[in-house]
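Chains as they are written, first to last, in the numbering used here: chain B, 153 to 905; chain E, 785 to 1455.
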Amino acid sequence: MANNKEAMALVVDIGAGMSEAAPGFDSPLQITSDVLQMIVQRKMFQQSKDELALILYGTDETNNDLADENNYQNINVAFSLSPANWHLFEEIQKIKPGNAPADLVDAIVVAADHLRRETEGKRGFVAKRVLLFTNAATPFNDHSLKIILESLRRQDIIVDAIGPTWGQQDDDNQHDENDRPDSPMHTSEHADNHEDTANNHPTTNGHHLNSPKKPLTQQQQTGIRIINDIVNTTEGSLFTFREALTILSVHQSKTVRPTPTKYIMQLADLKLHICTYIQVKDNKPGIFRLKKVYARQPTTEIKVDRGRYTKDEEDREIEKEELTDGFRYGTTFVPINKETLDDMKYHSEKCFSIIGFSDANMMRRSLYLGDTVYEVVAEPAYEEEGQVFAGIVQAMYDTNTVAIVRKCFSERSSPELGFLRPHIAHDHMCMYYVKLPFAEDLRGFDFDNLDVIKRNQPSDEQLKTIDKLITTMDLTHADRGEEAFQPEVVFNPYIQRMFQCIARRAVTAEEPLSLSNTIEEMNNTLIQSIVSKSKRTLDTVHEEFVLRETERRQKITTGDQLFGNDDHLTKKLRLEENENIEEPTTDSTSFEAQSAAKKKAAIRTIGTITPVEDFKTLIEQGSPSFTDVCKQMSTIILELINNSRGDALFEKALQCIQSLREICIQKLEPKLFNDFQIVIKRQAANIDGRKDFWTKIVDEKISLITSDECIESNVIPIEAKKFLEEETANEMLNNALGTNEEDGDDEDLFDLI
Amino acid sequence: MLLHILDVIPYFETYLNSKHNFIEHLIVFSMSLLDQNWGGLASNDEEALDDNYQGRQILTSRDGTLMLIECAQEMFESLSNTMKSNASIDDNDDDSELKTGFQLVMRACQSFYQSKIISNDKDLSGIILYGTEKNKNTFDFNHIYILHELAQPSADRIIQLENLSNKATYKKSFNDLFGSTPSKGYSLNEALWTCSNLFANSPQRLTIKRVFIFTCNDQPHATNLTLERQAKQRAKDLNDVGIQVEVFPILTETKIKFDYKKFFQDVLMLSDDELEIRNNQTPTGRLDELLKLVYSKEHKKRAYCTVPLSLGKSTDGTPLQLSVSVFNIVRPCPKPTKIKLDMKTNMETKLVTKHYLPETAEILMPSDIQYGVDVSNRRVLFDADEIKAIKKFTDPGFQILGFKNLSCLLPHHYVKPGHFIYPDEKYIEGSSCLFNALLKKCLEKNMFILCQFTARRNTPPRLVALIPQAEEINKKDPNDRLASNGFHVYYLPYADDMRTLPKNDSPRLPDDKVDLFKNVIRNLKFKYRPERFENPALQTLWRNIEATALNKDQPEEFTDLTIPNIENQNQKVAEYVDEIKQTIFPPDYVMGVTKRTAAKRKADTGATSTSAKKTKADGDVDVEAAARNNSLTKLTIPILKEYCKGKNLKASGTRKQDLIDVIQKHIGIDE
């Protein structure tokens, strides 16, 4: 869909004031950088065709097409208009504060000129936009503003601005109550109302501001007036730094083009053309679908083979042609061929039929099913039918009813049940469709009335406490009179974290994962502020209600802590290890260099492809420690044994064992090997264990390391022989386990796995 | 195939599961710690077992039912009239289809099996006959014949039971298998003992064990006090080990009354009141229940997980938490899964997934695999562990953010099916009281609780609304609870999930016109109840599989209530609809017809095709005409493909020329 792309110039003021911030707060430039990174990430990850340019003003260097000796100085087109890529991302990361004087109006002119030059003669651009980030603190020259405004309008360039504050705005433009109540798009502060401390505490959008606020300078006030002018003329929008994130929603929503699905809605004799659009659906960016690649050679994508095998001893592979579809009927398998299967399916025509109407109050939200909310509107081409549709919506709205609908997407799909709820706003009229359950989908669980048990009945005092808790933690008007945590402005921290992780990994491949992310931080800040506000009430709740952890709970939490610590430690270890890796000297951004670095890094662990070689390399390297490498080797061996189909990998596993044995003898560490061999034998005794592999070991006479072979060993040859010969019976193994435990090294062994 | 991140975890689980027992034990141990979910396990979605949080060798809880059926001569007499009229399951059949008690019981067992296969095919059932000529049991008791050992139901068993109830075949089948004994010396004690022995030897752990006795004798051991005493004692023993006993009386021409007091009061351990009720019940009531075929899945009440609900911390740092169990009370009922069978043996097959290098075909282990994504010509790599870490935000549980008025929930705020929470005292005592207080106050103040909810350790958090739900009781029937008290967990969308759609501001109708529509609505109003509509696709499939498995010509009938009865609707609202048509549409307007160009419309007026696409037949004609004119190259690939698909033609490749070749060949043959 290259026909609706957008050209966007990101214009950033890096001059005085942009990098100033009170301690503990992010500077405007920092926020700008964060927001820009997010925009660029999303554009890249969504493979958007939109083109971006980055223009900085206030830079020491001058780089733009309009510049001559006197004009347009200190404006740097850091990235010319093209689709978002890593280079742009890195340019954004490189933004440093500057203090060369540069003119705000000049910068906009340069941006407009750049957009014009770069889009001229190219097809597919439907919109041109300038996104201006500034605190309007630098002086500028506005004598030709009129002409500039005229020219911007002529070229259809929209200017959006992000700044400290915008005074009272006529917020009607672009503001849409029904769809996206982006409440923070307008602020109620006056430019001169500095005492307003509301800005100080984090709110829904939660960004730490460049507050405590300083009074705006004369210069800023003038600047703000001019920017207001420009934005209004070009029908753009104004955002404060605090609201900067909502830009994301503005840009992000453009990436999914709404596509209508058409139906004929039927009600008695009425047949109406309608379309449905997806209004709400869990957003799972396609980029989250990852490829499996070979760790040693990341350019190689791993192929997957899915074979069908008989479910018996024989374990024979079955060809596709020898398979037939079927169902399980109790324990009976019912084979069914393709044609019969199609006959057996329920056949329905495509439809959208109203079964009847029901009281809207009956539609409990707990019944909603499916993963999508659809908006339903009349198809515009059919005017009269549209009137009927409007009539139905209005009548349903007035009578507070919903319509129960049978909907079937196509002849090939199963019909579903859903309902339509009318929605009327001052400039919008539609219905929302949500799926409903069938009788089979209801679980019919039943729960006792809580009041039946006397102990569960709260006292009046307790109820009063909860009442107070609800009042102190009421979010309905908590965000400066607005609803806090509105779903419309809370972003999914996971999507953002994933994006950031991918971006960071792409730019600095060798750095360990850093999981912090702006959105999460902001959400957390807000949570913290709420929690702190309700502390006192929570104390009362604590006094009023007796909550006692049971033993069961305690057992779990301590266990978890133990494990958690452990987990933490190993991770730390791993990260430290990573740090030890010699920095690759080549340009880390090139793909080859990356994979080379990866490869080098990877030789800190043993792989299953060439385990013996890896093992020897690592032993020679002398790091990680000998014990660690042996542990790795043991793990690999177990992995090979357990994943072996038949005895396919046994040969390799045997080689590994041999190699491990040799090295352990060499390094005078027989115990490591001997303990491991006990593990293998013990495993062999298990049901479904690889007894066949143990047989191999016996055949190959790979015994425990004896005192003859290695002075450190306390196993005498006759014991070793016996160990191989003895049955893998359970009692005997228990003995082995027993002795092993006495040695106190059991733990180590477990760590292997 | 691309791997979705979500798939990484299951992949690892399979890997872990493939390891062998002793390793598994260790992993199981660490897993149970890993899963900080107090109860519940990271099984696919559903059915996590709350009471079994220790490990993953979960024994799915199964029920076991044994049918203990008397085969005395009376069971082969004609049924009593009350029995006949009530057991009216075979209205359409020949009247005399189920003439005898024995047939009726066999039919009941058959229905029970059939229903079990749909509702819970993991449950075990079996059939033991007593009073038979032949013996078949481990103790060599006389007159006791185990027809079906305790096992999951199968098509063979059902077909066998069908033969045993069928008018034409039942006598022969019965006599061939076991026959009836004229002797009265058989012992109910021994029969019950056999039942209890079958239960004891069950390979599966059973949560509920039941014995259903079908008999026409209300006093089986009237002449032998020793046997009677033994039987009663045995029944008590069964009760002691948790086996429930139930009796289904069969009335025949000669046995027209069944008095529980004579013998079965003691076997069933009925109080006098209960006895009174029993004796006044029509004996067929419960049997009819068994005879009814039920196509509905049964769901065991299990928590999806049990997690803390955290209000925050008090000043001294004590976390304020209560414990709640999370249930899924509405979820799409899965269709029976298609499986792949070995054509030769009709046996199940298994899928083995191998990862290998394309060049060397070397099989790879999980440790050799990394996960990559290509962005702007860069391949970005992660380990499986890192991907887990990216998904992990907080430990599982609810974190209260605050309270909001219910009006803050807008109509389109929905993203996926929710849950239901109910307090749990097993982990934190006192949870119920605090929960109850929150519930009462939220109901009173019309508020919901806004929470951040993390379902599992490696699941990113979501915003949820906890919507209070008061208990609702059916006014007509105090035992019918319409809704239980607790909170509904309702997922809210993130800003990322909501899309901006084009504005649609159609002109409003004036009130007088709207009134016409109100009339339509008023007359088509009904009380929506969710249990009212069965899933036509699911029901059809279930019935068809059953018919195929049991070699029936016709599947059981199913009425689809989701198809609106247009005629009926018209009857109710025709006058208003006509008025609407007259006020809004031009005189000869045809609704629901897709607009076409004038010429086209002339060609097929009256067509009600919903799509502007050419019908298939049209397309075929076009393709064939083009082929004759040698202008196939001018058609688009999709059209050619569609044609090939319709005619079942297989092209040698996917290039256009391949398609053209095969079409030309096809038409050449036709001519």
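Virtual Cβ for every residue (Gly too), placed ideally from N, Cα, C. Only a predicted model underlies this, so the values are computations on that prediction, with no experimental measurement involved.
Across the set B:Ile247, B:Ile788 and B:Arg194, the C-alpha of B:Ile247 shows the shortest separation from the C-alpha of Gly210 (chain B). Nearest neighbour of Leu1077 (chain E) by Cα position, chosen from E:Ile1350, E:Lys1434, E:Leu1419 and E:Gln1323, turns out to be E:Gln1323. Contact residues of the stretch 1154 to 1180 of chain E toward chain B are Gln1154, Tyr1155, Gly1156, Val1157, Asp1158, Val1159, Ser1160, Asn1161, Arg1162, Arg1163, Val1164, Leu1165, Phe1166, Asp1167, Asp1169, Glu1170, Ile1171, Ala1173, Ile1174, Lys1175, Lys1176, Phe1177 and Asp1179 (C-beta to C-beta distance below 9 Å). Taking CB atoms only, Cys653 (chain B) has a neighbour in chain E less than 9 Å away.
DSSP places Leu1276 (chain E) outside both helix and strand once states are collapsed to three, so it counts as coil.
Sorting B:Thr551, B:Pro567, B:Leu569 and B:Lys195 by C-alpha distance to the C-alpha of Trp238 (chain B) places B:Lys195 at the top. Interface annotation, Pro1201 (chain E): in contact with chain B, CB-CB separation under 9 Å. Residues of chain E whose Cβ lies closer than 9 Å to the Cβ of Ala313 (chain B) do not exist, since the nearest Cβ in that chain is about 21 Å away.
With contacts defined by Cβ atoms closer than 9 Å, Met1053 (chain E) and Asn1023 (chain E) form a contacting pair.
When Cβ-Cβ separations below 9 Å define contact, Ile1113 (chain E) makes contact with chain B. Between Tyr446 (chain B) and Leu1148 (chain E), the C-beta spacing is below 9 Å. Fewer than three Cβ pairs drawn from the stretch 998 to 1014 of chain E and the stretch 940 to 958 of chain E lie within less than 8 Å of each other, which leaves the two stretches out of contact.
With a cut-off of 8 Å on Cβ pairs, the stretch 426 to 443 of chain B is in contact with the stretch 525 to 534 of chain B, counting three or more such pairs.
For Gln894 (chain E), not one C-beta of chain B is nearer than 9 Å to its own C-beta. For Met1375 (chain E), the chain B residues whose C-beta falls within less than 9 Å of its own C-beta are Ile416, Asp421, Leu422, Lys423, Leu424, His425, Tyr534, Glu536, Glu537 and Val540, listed in chain order.
Straight-line measurement puts the Cα of Ala264 (chain B) at about 16 Å from the Cα of Asp294 (chain B).
Interface residue (Cβ-Cβ distance to chain E less than 9 Å): Met515 (chain B) is classified as such. At a Cβ-Cβ threshold of 9 Å, Cys1226 (chain E) and Gln1183 (chain E) do not count as neighbours.
One alpha carbon belongs to Ile507 (chain B), the other to Leu888 (chain E), and they sit about 40 Å apart. Counting along the chain, Gln887 (chain E) sits inside the alpha helix (DSSP H) bounded by residues Gly885 to Asn904. Within chain B, the residues placing a beta-carbon under 7 Å from that of Ile901 (chain E) are Tyr481 and Gly482, ordered along the chain. Beyond the five residues adjoining it in sequence on each side, Cys893 (chain E) comes within less than 7 Å, by CB distance, of Met851, Ile911 and Leu945 in the same chain, given in chain order. Secondary structure of Ser666 (chain B) (DSSP, three-state): coil.
Annotated three-state conformation of Glu272 (chain B) is coil, per DSSP. Counted as a single uninterrupted DSSP element, the alpha helix (DSSP H) harbouring Ser786 (chain B) occupies residues Phe778 to Asn795. Arg700 (chain B) is classed as exposed because its beta carbon has fewer than 16 other beta carbons within 10 Å across all chains shown. Residue burial annotation: Tyr1373 (chain E) is exposed, with fewer than 16 other C-beta atoms found within 10 angstroms of its C-beta. Interface residue (Cβ-Cβ distance to chain E less than 9 Å): Val764 (chain B) is not classified as such. Around Pro1195 (chain E), the beta-carbon contacts reaching into chain B at under 7 Å are Arg573, His575 and Tyr584. The residue among E:Val1273, E:Pro1370, E:Arg1292 and E:Asp1299 with its C-alpha nearest the C-alpha of Phe1111 (chain E) is E:Val1273. Here Cys582 (chain B) is bridged, per DSSP, to B:His575.
About 16 Å separates the Cβ atoms of Arg458 (chain B) and Thr1121 (chain E), ruling out a contact at the 8 Å cut-off. Distance between His932 (chain E) and Ser903 (chain E), taken at the CA atoms: about 20 Å. Around the beta carbon of Gln1366 (chain E), fewer than 16 other beta carbons lie within 10 angstroms, which makes this residue exposed. Going by DSSP, Glu536 (chain B) is part of the alpha helix (DSSP H) stretching over Glu535 to Thr551.
Under the 10 Å beta carbon count, Gly915 (chain E) is surrounded by 16 or more other beta carbons and is classified as buried.
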